[in-house]
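Quick notes on the structure that follows.
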């Protein structure tokens, strides 16, 4: 074996046995259809949970959102919040009639935009768990997407939309915010996203971008810069999903650790150029 | 030539190392096996309820409570972890009747799952 080959061999072994622990879990995301809808017509919002973060890194459905701990809100062009939580329809498997892997499926809610402009959807699932006076667990999941409404629905109208970079999820969780207009992204272009944790940009966190059709084969991983931003190149027209997860531990006086888990996703559609 | 060999060798070792790390969690934790079995009717009152989950669970964020028909709690003592994926809770002496097992666990992927299991203790002689 040549010297360089030996070096490659050692590096390979090092990568294998000292690679960072995979951050394995499921992600919850929100999809809206259509992404550009005629004002007064219905858009359908879907809350879906799947395999972005595990070995599949795909849109394969796994599990369901926990409806008891979930809220869904549509923010209209004027910033008014429209709660849809009570309108969610469970189209998943029966909670008590499924096998050992747990229920799978998704929730749907209809929404009719009454004015022109950008609408943003945010679903948030917050859970706290504590047994007695033991350590506390906090999990916060934030999933966002956006759509536009026009009297004459057309891509050309979406290019001047504003307000997509507004924080919607409060300052207690993790939130992906599009810096690029999410309803004006075309194939073979790029998209910039900003990650905020507890309201502030956070650097050094890995965001993955996954294309719906290609799944695993399309995954791009990028690390946020000092402004909390990442830029991705996007390929063919399709739905794309960005996801990130941060886990934190806080030591307690009794030697145990409180845990906090933050997840965030953002879904956007890439269009063919008109 | 060497590069192809190294890629193949690396892939094989990676799969092997993942196999060694059998504790990796790919999904949420749900009951795979329970004793008494979900929906079962047993003749003898069990002394404990034992649940093996589909993934490893963290006991400090997990709970199993067993209740009788009127909602009285019939489990007692501390939850015990018998294996990475298996929990058990002791039971008070039980009478014939229907019982509900409320479980809530945190899998190692930091997702909380919960649900119900049921079992019945049949009357003696039936």
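Residue numbers (the numbering used here), protein chains in the order written: chain A, 3 to 276; chain B, 692 to 817.
Ideal Cβ positions, reconstructed from N, Cα and C, are used throughout, including at glycine.
Predicted model, so just to flag it, every value in this text is computed and none were measured.
Segment limits, beta strand (DSSP E) that includes residue i
{"i": "residue 157 of chain A", "result": "No beta strand (DSSP E) contains residue 157 of chain A, which is instead part of the alpha helix (DSSP H) from 157-160."}
{"i": "residue 52 of chain A", "result": "45-52"}
{"i": "residue 73 of chain A", "result": "72-77"}
{"i": "residue 67 of chain A", "result": "Premise fails: residue 67 of chain A is in no beta strand (DSSP E) and is neither H nor E."}
{"i": "residue 83 of chain A", "result": "83-85"}
{"i": "residue 733 of chain B", "result": "731-733"}
{"i": "residue 206 of chain A", "result": "Counting along the chain, residue 206 of chain A falls outside any beta strand (DSSP E), and DSSP gives it neither H nor E."}
{"i": "residue 177 of chain A", "result": "176-180"}
{"i": "residue 121 of chain A", "result": "119-132"}
{"i": "residue 225 of chain A", "result": "222-225"}
{"i": "residue 768 of chain B", "result": "766-774"}
{"i": "residue 780 of chain B", "result": "777-782"}
Option in the options with minimal Cα separation from residue i
{"i": "residue 150 of chain A", "options": "A:175, A:136, A:123 and A:133", "result": "A:123"}
{"i": "residue 110 of chain A", "options": "A:47, A:186, A:214 and A:222", "result": "A:47"}
{"i": "residue 739 of chain B", "options": "B:751, B:748 and B:756", "result": "B:756"}
{"i": "residue 145 of chain A", "options": "A:221, A:230, A:74 and A:64", "result": "A:74"}
{"i": "residue 210 of chain A", "options": "A:61, A:259, A:50 and A:49", "result": "A:61"}
{"i": "residue 176 of chain A", "options": "A:83, A:266, A:251 and A:170", "result": "A:266"}
{"i": "residue 275 of chain A", "options": "A:160, A:246, A:164 and A:200", "result": "A:160"}
{"i": "residue 39 of chain A", "options": "A:65, A:89, A:120 and A:96", "result": "A:120"}
{"i": "residue 88 of chain A", "options": "A:50, A:70 and A:206", "result": "A:70"}
{"i": "residue 735 of chain B", "options": "B:786, B:765 and B:770", "result": "B:786"}
{"i": "residue 272 of chain A", "options": "A:134, A:125 and A:235", "result": "A:235"}
{"i": "residue 203 of chain A", "options": "A:179, A:213 and A:222", "result": "A:179"}
{"i": "residue 66 of chain A", "options": "A:36, A:77 and A:53", "result": "A:53"}
{"i": "residue 139 of chain A", "options": "A:264, A:230 and A:171", "result": "A:264"}
{"i": "residue 807 of chain B", "options": "B:813, B:793 and B:814", "result": "B:793"}
{"i": "residue 170 of chain A", "options": "A:35, A:83, A:116 and A:154", "result": "A:83"}
{"i": "residue 157 of chain A", "options": "A:141, A:167 and A:185", "result": "A:185"}
{"i": "residue 59 of chain A", "options": "A:189, A:243, A:192 and A:91", "result": "A:243"}
Exposure of residue i, with buried meaning 16 or more beta-carbon neighbours within 10 Å
{"i": "residue 254 of chain A", "result": "exposed"}
{"i": "residue 28 of chain A", "result": "buried"}
{"i": "residue 148 of chain A", "result": "buried"}
{"i": "residue 763 of chain B", "result": "exposed"}
{"i": "residue 257 of chain A", "result": "exposed"}
{"i": "residue 114 of chain A", "result": "exposed"}
{"i": "residue 742 of chain B", "result": "buried"}
{"i": "residue 23 of chain A", "result": "Legend: pLDDT at residue 23 of chain A = 39, less than 50; position of this residue unreliable, value from coordinates given subsequently. Answer is exposed; the Cβ neighbour count stays below 16."}
{"i": "residue 44 of chain A", "result": "exposed"}
{"i": "residue 42 of chain A", "result": "exposed"}
{"i": "residue 198 of chain A", "result": "buried"}
{"i": "residue 183 of chain A", "result": "buried"}
{"i": "residue 262 of chain A", "result": "buried"}
{"i": "residue 728 of chain B", "result": "exposed"}
{"i": "residue 801 of chain B", "result": "buried"}
{"i": "residue 93 of chain A", "result": "exposed"}
{"i": "residue 714 of chain B", "result": "For residue 714 of chain B, the pLDDT reaches just 40, beneath the cut-off of 50, and the residue's location in the model is therefore unreliable, although a value from the coordinates is still provided. It counts as exposed."}
{"i": "residue 91 of chain A", "result": "exposed"}
In DSSP terms, what residue i is bridged to
{"i": "residue 806 of chain B", "result": "B:794"}
{"i": "residue 251 of chain A", "result": "A:261"}
{"i": "residue 745 of chain B", "result": "Paired residue(s): none; residue 745 of chain B is not in a bridge."}
{"i": "residue 722 of chain B", "result": "B:744"}
{"i": "residue 195 of chain A", "result": "A:180 and A:232"}
{"i": "residue 37 of chain A", "result": "Looking at the DSSP assignment, residue 37 of chain A forms no beta bridge with any residue, so it has no partner."}
{"i": "residue 269 of chain A", "result": "A:147 and A:243"}
{"i": "residue 213 of chain A", "result": "A:242"}
{"i": "residue 109 of chain A", "result": "A:49 and A:92"}
{"i": "residue 237 of chain A", "result": "Residue 237 of chain A pairs with nothing; no bridge assigned."}
{"i": "residue 141 of chain A", "result": "A:129 and A:263"}
{"i": "residue 30 of chain A", "result": "A:51"}
{"i": "residue 757 of chain B", "result": "B:792"}
{"i": "residue 750 of chain B", "result": "Note: residue 750 of chain B sits in no beta bridge, so no partner."}
Under 8 Å by beta carbon: chain B residues contacting residue i
{"i": "residue 131 of chain A", "result": "752, 795, 797 and 803"}
{"i": "residue 165 of chain A", "result": "Under the 8 Å cutoff, chain B gives no residues; its nearest Cβ is about 32 Å from residue 165 of chain A."}
{"i": "residue 97 of chain A", "result": "806"}
{"i": "residue 137 of chain A", "result": "751 and 752"}
{"i": "residue 141 of chain A", "result": "801, 802 and 803"}
{"i": "residue 261 of chain A", "result": "752 and 801"}
{"i": "residue 28 of chain A", "result": "718, 719, 800 and 802"}
Contacts of residue i in chain A (Cβ-Cβ under 9 Å)
{"i": "residue 747 of chain B", "result": "Residues of chain A passing the Cβ test: none, with the nearest at roughly 11 Å."}
Closer than 7 Å at the beta carbon, the chain B residues around residue i
{"i": "residue 258 of chain A", "result": "751"}
{"i": "residue 249 of chain A", "result": "801"}
{"i": "residue 65 of chain A", "result": "719"}
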